[in-house]
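*Asks:* So for the sequence shown, the working numbering puts the first residue at 27; every next one is plus one. No residue lacks a Cβ here, since even glycine has one placed at the ideal position from N, Cα and C. The structure displayed is predicted, hence computed values, not measured ones. Here you go, one structure.
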Amino acid sequence: MTSLTGKVAIVTGASSGIGRAAAILFARQGAKVVIAARRQAELEVLVSEIASTSGEAVAVAGDVRDESHASQLVATAVDRFGGLDIAFNNAGSTGEMAPVAELSAAGWRDTIETNLTGAFLGARHQMPAMVRRGGGSIIFTSSFVGHTAGMPGMAAYAAAKAGLIGLTQALAVEGGANGVRVNAILPGGVDTPASITNAPDAGPEVKAFVENLHALKRMARPDEIARTVLHLASDASSFITGAAILVDGGLSISRT
Ligand code: NAP
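Here's what the structure looks like:
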């Protein structure tokens, strides 16, 4: 049910973390994958890694804040692989972190641009290509931050990630009649370079604190998040659309 044979996918934020793990899993399940991020060298390494396991991927370096990058990703999927079935709009970053009174307007705008507007620009170009194909699956990476938890210093990130849930719902009703499903995943703490637990000044106490927030008392590996993305990308989730799906190890319900 989770086979992606014959499918074509775009994965943004594929140079690292969750996006990288999803691109590898998609390719392993038979999809041809257009992988994107700003760092070309990291993408080329991933193209080779996927090719070494008989998969097929093409790298397109660019910035999700740039609309021409969004159109280039879809054009690459169509020109190289014949169409577009799946888009995992995952690129994001926490951006400037500060209490609201100290957060710069430029920092606010940049975080919204990267995490929310970038996803909108992607979907704006992906949706028509999927409608032409007779259906598809769009997935956004939101977060528990801004949905089930308020975190100090993360107002712009929270607003952007909560905004993705609204975008998911609107797009799901717009795309439903044409067979395009649209969902958001809400990871908990994931062990990636973006995590605060991997910040240069983070000691073991930070990791212990974050782990303890989860009912499972640990953080996720990127491949654990990727498996839920695969479910949403594949026909196994054929009746799921407009959903915001927590993949958070029980962080949102844990009070211990
Ligand atoms: P990561 O390893 O730092 O990956 C982030 C990815 O986004 C990188 O591939 C990065 O590539 C790309 N990216 C960032 N800004 C970009 C831009 N302006 N244009 C194009 N690509 C950009 O972090 P991750 O944890 O896997 O994050 C993936 C997603 O999960 C993000 O949306 C993040 O907010 C979300 N998330 C993470 C956690 C967590 O605990 N780690 C929890 C909840 C949600 P380049 O630097 O090469 O451009």
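(1) Can you check which of these residues, T28, N238, R247, S29, is closest to A220 by C-alpha distance?
(2) Sort I271, E122, E237, G161 by Cα distance to T282 and report the nearest one.
(3) For P125, which three-state DSSP category applies?
(4) Determine which residues share a DSSP beta bridge with R135 and list them.
(5) Report the rounded CA-to-CA distance for A259 versus D105, giving the unit in angstroms.
(6) Counting C-beta neighbours from all protein chains within 10 Å, is the total for V126 16 or more, i.e. buried, or is it exposed?
(7) Considering only residues of the same chain and omitting the five flanking positions on each side of N224, which have a CB-CB separation below 8 Å?
(8) So, for M180: in the same chain, excluding its five sequence neighbours on each side, which residues have a beta-carbon less than 8 Å away from its beta-carbon?
(9) Touching or not, the segment 260-271 and the segment 229-245, by the rule of three or more beta carbon pairs under 8 Å?
(10) For the ligand NAP, is there a heavy atom less than 7 Å away from the beta-carbon of V34?
(11) Would you tell me roughly how many angstroms separate the C-alpha atoms of A83 and W134, rounded to the nearest one?
(12) Quick check: the Cα distance between V208 and I164, rounded to an integer number of angstroms?
(13) Mark Q152 as exposed unless 16 or more other C-beta atoms lie within 10 angstroms of its C-beta, in which case mark it buried.
(14) When you measure from the CB of N209 to every non-hydrogen atom of the ligand NAP, does any distance come out below 7 Å?
(15) Taking R46 as the reference, give the member of A210, E68, K33, K58 with the closest Cα.
(16) Would you list the one or two residues that DSSP bridges to I212?
(17) On the criterion of 16 or more Cβ atoms from any shown chain inside 10 Å, does M27 qualify as buried, or is it exposed?
(18) Along the chain, where does the alpha helix (DSSP H) containing K262 start, and where does it finish?
(19) For the alpha helix (DSSP H) holding A101, just list the boundary residues, first then last.
(20) Determine the direct distance from the alpha carbon of A270 to that of A198, and round the result to whole angstroms.
(21) Count the other CB atoms within 10 Å of the CB of R159; is the residue buried (16 or more) or exposed (fewer)?
(22) Please list the segments of the beta strand (DSSP E) lying wholly inside the segment 33-96, counting only runs of 3 or more residues, in order along the chain.
(23) CA-CA distance, F114 and V60?
(24) Determine the burial state of S80: buried for a count of at least 16 other Cβ atoms within 10 Å of its Cβ, exposed for fewer.
(25) Looking at the structure shown, is T267 part of a helix, part of a strand, or coil, going by DSSP?
(26) Give the single residue among L30, A57, R244 whose Cα lies nearest to the Cα of G214.
*Replies:* To lay it out plainly:
(1) By one-based count along the sequence shown, residue 220 stands at place 194. Of the listed residues, the one whose Cα sits closest to A220 is R247.
(2) Translated into positions along the sequence shown, residue 282 becomes position 256. Looking at the Cα atoms, E237 is the closest of the given residues.
(3) What you label residue 125 is simply residue 99 of the sequence shown in a count that begins at 1. Three-state DSSP puts P125 in coil, outside helix and strand.
(4) In the sequence shown, residue 135 corresponds to position 109, counting from 1. Note: R135 sits in no beta bridge, so no partner.
(5) Taking the first residue of the sequence shown as 1, we reach residue 259 at position 233. Taking the first residue of the sequence shown as 1, we reach residue 105 at position 79. Using only the alpha carbons, I get a separation of about 21 Å.
(6) Residue numbering aside, residue 126 sits at position 100 when the sequence shown is read from its first letter. The residue is exposed, with fewer than 16 neighbouring Cβ atoms inside 10 Å.
(7) The residue you call residue 224 lines up with position 198 of the sequence shown. Excluding positions up to five away in sequence, the list reads D217, T218.
(8) Taking the sequence shown and counting its residues from 1, the one referred to as residue 180 is at position 154. Excluding positions up to five away in sequence, the list reads T120, M123, V171, G172.
(9) no
(10) For the purposes of this step, residue 34 is identified with residue 8 of the sequence shown, where counting begins at 1. No - the ligand NAP has no heavy atom lying nearer than 7 Å to the Cβ of V34.
(11) The sequence position of residue 83 within the sequence shown is 57, counting from 1. The sequence position of residue 134 within the sequence shown is 108, counting from 1. In a straight line, the C-alpha of A83 is about 34 Å away from that of W134.
(12) The sequence position of residue 208 within the sequence shown is 182, counting from 1. The sequence position of residue 164 within the sequence shown is 138, counting from 1. Rounded to the nearest angstrom, the two C-alpha atoms are 5 Å apart.
(13) Locating residue 152 in the sequence shown gives position 126, where the first residue counts as 1. Q152 is buried by the Cβ-count criterion.
(14) Within the sequence shown, numbered from 1, the residue matching residue 209 stands at position 183. Every heavy atom of the ligand NAP is 7 Å or more from the Cβ of N209, so no.
(15) To locate residue 46, count along the sequence shown from 1; it is residue 20. R46 has its Cα closest to that of E68, out of A210, E68, K33, K58.
(16) As a working note, residue 212 is residue 186 in the sequence shown. The identity of residue 212 in the sequence shown is Leu, whereas the question assumes Ile. DSSP, once it has assigned bridges, lists L272 as partnering L212.
(17) Mapped onto the sequence shown, residue 27 falls at position 1. Its Cβ having fewer than 16 others within 10 Å, M27 is exposed.
(18) Taking the sequence shown and counting its residues from 1, the one referred to as residue 262 is at position 236. A quick correction: the sequence has Ala, not Lys, at residue 262. Segment: none, A262 is in no alpha helix (DSSP H) and carries neither H nor E.
(19) As a working note, residue 101 is residue 75 in the sequence shown. From DSSP, the alpha helix (DSSP H) with A101 extends over 93-107.
(20) In the sequence shown, residue 198 corresponds to position 172, counting from 1. In the sequence shown, residue 270 corresponds to position 244, counting from 1. When rounded, the distance between both Cα atoms is 11 Å.
(21) Counting from 1 along the sequence shown, the entry for residue 159 is found at position 133. With 16 or more Cβ atoms within 10 Å of its Cβ, R159 is classed as buried.
(22) 34-38, 58-63, 82-87
(23) Here residue 114 refers to the residue found at position 88 of the sequence shown. Here residue 60 refers to the residue found at position 34 of the sequence shown. Their backbone Cα atoms lie some 10 Å apart in a straight line.
(24) Working through the sequence shown from its first residue, we reach residue 80 at position 54. Per the 10 Å Cβ criterion, exposed.
(25) Residue 267 sits at position 241 when you count from the first residue of the sequence shown. Here T267 sits in coil by DSSP.
(26) Along the sequence shown, read from residue 1 onward, the residue named residue 214 stands at position 188. Looking at the Cα atoms, R244 is the closest of the given residues.
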